[in-house]
Amino acid sequence: MRLDDYDKSKPFDATVMSTVRITPDEADAEIREIVLEINRHDFDYKPGQSIGVLVPGPHEFGHEHHFRLYTVADTHSRSIEGRPWITIAVRRCAYIDEFSGERYKGIASNFLCDRKAGDHIEITGPYGYAFEVPQDKNANLILIGAGTGIAPFRAFVKHIYQDVGNWRGKVRLFYGAHTGLELVYMNEHRDDFTQYYDEDTFQAFKALSPRPHWADPIAWDYCLEKRSEEIVELLGNPATYVYVAGLEATRDQLDEVFGDFMGSSERWQRRKAELVAGGRWTELLY
Ligand SMILES: Cc1cc2nc3c(=O)[nH]c(=O)nc-3n(C[C@H](O)[C@H](O)[C@H](O)COP(=O)(O)OP(=O)(O)OC[C@H]3O[C@@H](n4cnc5c(N)ncnc54)[C@H](O)[C@@H]3O)c2cc1C
């Protein structure tokens with residue numbers, strides 16, 4: 000779906016409650032965790048859904064608003080007055096213009112990262128495919144997230160173990176980033192997943208770039224290959240569901256790795272098509 004196609008006709012107000020940089024100062028990437036209080040009591044969402052943020056203009060080409068999506072990174076909580084609180088993890092973006100070589104700031108991500116507690120913003124939504132939790136608690140879940148793609152899984156895993164409870168299927172979380180410093184929510188200072196390591200069913204693995212300061216892709220191959228036997232077995236099991244979130248580039252990288260696992264890319268594409276058709280492969284890529 001194109002950004003123009005999202006319904007933005009009923010925006011509502013949200014207040015920034017807190018904003019914290021969650022990548023260390025020495026990391027190249029600045030990712031901030033921003034908590035918003037939604038000034039609408041009936042706002043509801045499911046893990047994996049995103050909100051829209053409307054950045055007020057003036058903007059180029061006469062656009063009234065600059066509109067971008069951000070995935071909700073936590074499960075439900077509310078203020079004492081009962082207003083919904085949501086958490087988003089925003090990476091401050093910049094890009095280099097190919098012609099001029101000039102560096103431009105991404106509009107929405109910089110707008111959000113520059114907000115202070117108490118500021119008001121306009122949001123819309125929620126939108127998008129929610130990551131549906133399978134009915135069967137014996138279902139196996141393979142979760143693959145890159146960069147800020149960890150956000151929906153933070154909410155999803157918490158939902159599975161705390162709200163749904165008594166999960167018996169295997170949960171395997173693969174988290175990729177360019178450097179260890181960019182592994183938000185799963186680093187030596189703060190690991191929001193530690194509380195699940197005691198669960199017999201939960202295991203998490205990190206995939207990093209081999210040479211972090213080069214433009215090398217995340218080493219999914221190395222990380223997944225070490226567990227290829229279990230992954231292939233799980234993929235062959237009709238009770239396994241795969242969820243992928245984060246950077247678009249992840250799709251091609253995973254196709255290559257899974258193609259190797261399956262012995263050929265054709266075989267993998269056939270298997271993937273079956274998984275997609277059966278509702279067992281869900282992507283949230285951007
Ligand atoms: C479903 C969904 C969920 C998302 N969830 C998150 C999330 O949880 N966290 C998060 O940080 N992001 C998320 N994103 C990405 C986010 O919506 C924005 O795309 C991102 O923050 C950049 O937006 P921006 O307005 O800051 O940058 P923009 O102003 O749109 O520009 C920055 C980007 O646009 C491109 N670009 C624009 N113009 C040019 C040009 N002239 N030359 C070269 N490149 C150009 C470049 O790729 C550049 O990186 C999500 C996206 C989707 C679709």
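Here the sequence shown stands for residues 0 to 285, where the numbers follow numbering that gives the first Met the number 0.
Each residue gets a CB set at the ideal place from its N, CA and C atoms; glycine is no exception.
- Which class does N109 belong to by DSSP, given the choice of helix, strand or coil? When secondary structure is reduced to three states using DSSP, N109 falls in the helix class.
- Message: Could you give the first and the last residue of the continuous alpha helix (DSSP H) run that contains P151?
- Response: The continuous alpha helix (DSSP H) containing P151 extends over residues 149-157.
- Which value, in whole angstroms, describes the spacing of the CA atoms of N186 and F173? The straight-line gap separating the alpha-carbon atoms of N186 and F173 is approximately 14 Å.
- With DSSP collapsed to three states, give me the class of G51. In the structure shown, the three-state DSSP call for G51 is strand.
- Listed in chain order, which residues are found with a beta carbon closer than 5 Å to a heavy atom of ligand 1? The set, ordered by position in the chain, is S49, R67, L68, Y69, T70, V89, R90, C92, Y94, G105, I106, A107, S108, T147, A150, Y285.
- Considering only C-alpha positions, which residue in the set V15, F110, T74 is nearest to G56? Considering only alpha carbons, the answer is F110.
- Query: Start and end of the beta strand (DSSP E) containing E205?
  - Reply: Glu is not the amino acid found at residue 205; the sequence shown has Lys there. Its beta strand (DSSP E) spans residues 201-207.
- Under 8 Å between the Cβ atoms of T123 and P10? Yes. Within cutoff.
- May I ask you to verify whether the stretch 230-250 touches the stretch 131-149, counting CB pairs closer than 8 Å and requiring at least 3? The stretch 230-250 vs the stretch 131-149: in contact.
- Item | Per-residue DSSP class, three states only, for V132 | Here V132 carries a coil assignment [DSSP, helix/strand/coil].
- Using beta-carbon positions only, say whether R217 and A206 come within less than 8 Å of one another. For clarity, residue 217 is Ile in the given sequence; the question names Arg instead. In contact: I217 and A206 (Cβ atoms closer than 8 Å).
- Quick check: the stretch 163-172 against the stretch 73-88, are there 3 or more CB pairs under 8 Å? Because the criterion of three Cβ pairs below 8 Å is not met, the stretch 163-172 and the stretch 73-88 do not touch.
- What separation, rounded to the nearest whole angstrom, lies between the Cα atoms of A276 and D3? Linking A276 to D3 through their CA atoms gives a straight-line distance of about 27 Å.
- Segment limits, beta strand (DSSP E) that includes D12: Run containing D12: 11-20, per the beta strand (DSSP E) assignment.
- Query: Among all the DSSP beta bridges, which residues are the ones paired with P83?
  - Reply: DSSP output for P83 lists R77 as bridge partner(s).
- Task: Counting only the same chain and skipping the five closest in sequence on each side, list residues whose C-beta sits under 6 Å from that of I21.
- Result: Cβ neighbours of I21 beyond the five flanking positions: I30, E32, V183.
- Could you tell me the distance, in whole angstroms, from the CA atom of C112 to the CA atom of Q134? C112 and Q134: Cα-Cα distance of roughly 37 Å.
- Burial state of Y94, where buried means 16 or more other Cβ atoms lie within 10 Å: By the neighbour-count criterion, in which a residue is buried when 16 or more other Cβ atoms sit within 10 angstroms of its Cβ, Y94 is exposed.
- Exposure of Y69, with buried meaning 16 or more beta-carbon neighbours within 10 Å: By the neighbour-count definition (other C-beta atoms within 10 Å, threshold 16), Y69 is a buried residue.
- CB of L233 within 8 Å of CB of I141, strictly: Yes, Cβ-Cβ distance for L233 and I141 is below 8 Å.
- Message: Spatial neighbours of K7 within its chain, please: C-beta separation below 8 Å, excluding the five flanking residues on both sides.
- Response: So the qualifying residues of the chain are G51, L53, H64, F66, T123.
- Task: Might you give, ordered along the chain, the residues of its own chain that have their beta carbon closer than 7 Å to the beta carbon of A238, omitting 5 neighbours on each side?
- Result: So the qualifying residues of the chain are D135, N137, A138, N139, G168.
- Message: Among the candidates H119, Y285, R91, whose CA atom is the shortest distance from the CA of S108?
- Response: Of H119, Y285, R91, the residue nearest in Cα terms is R91.
- Query: In chain order, what residues of the same chain have a beta carbon less than 7 Å from the beta carbon of R270, not counting five sequence neighbours either side?
  - Reply: Sequence-distant Cβ neighbours of R270 in its own chain, meaning closer than 7 Å and more than five residues away, are L234, M261.
- If you draw a straight line from the alpha carbon of G278 to that of L180, how long is it in whole angstroms? Their backbone Cα atoms lie some 34 Å apart in a straight line.
- Under 8 Å by Cβ, that's how I've got Y195 and Y160 pegged, so tell me the actual separation to the nearest angstrom. Contact between Y195 and Y160 holds, with the beta-carbon distance rounding to 6 Å and staying under 8 Å.
- Query: In chain order, what residues of the same chain have a beta carbon less than 7 Å from the beta carbon of E25, not counting five sequence neighbours either side?
  - Reply: So the qualifying residues of the chain are L180.
- Local conformation of D190 per DSSP, three classes: Reduced to three states, the DSSP call for D190 is strand.
- Message: Distance check for T18 and E36, CA to CA, integer angstroms please.
- Response: Each residue's CA atom was taken as its position, placing E36 and T18 some 12 Å apart.
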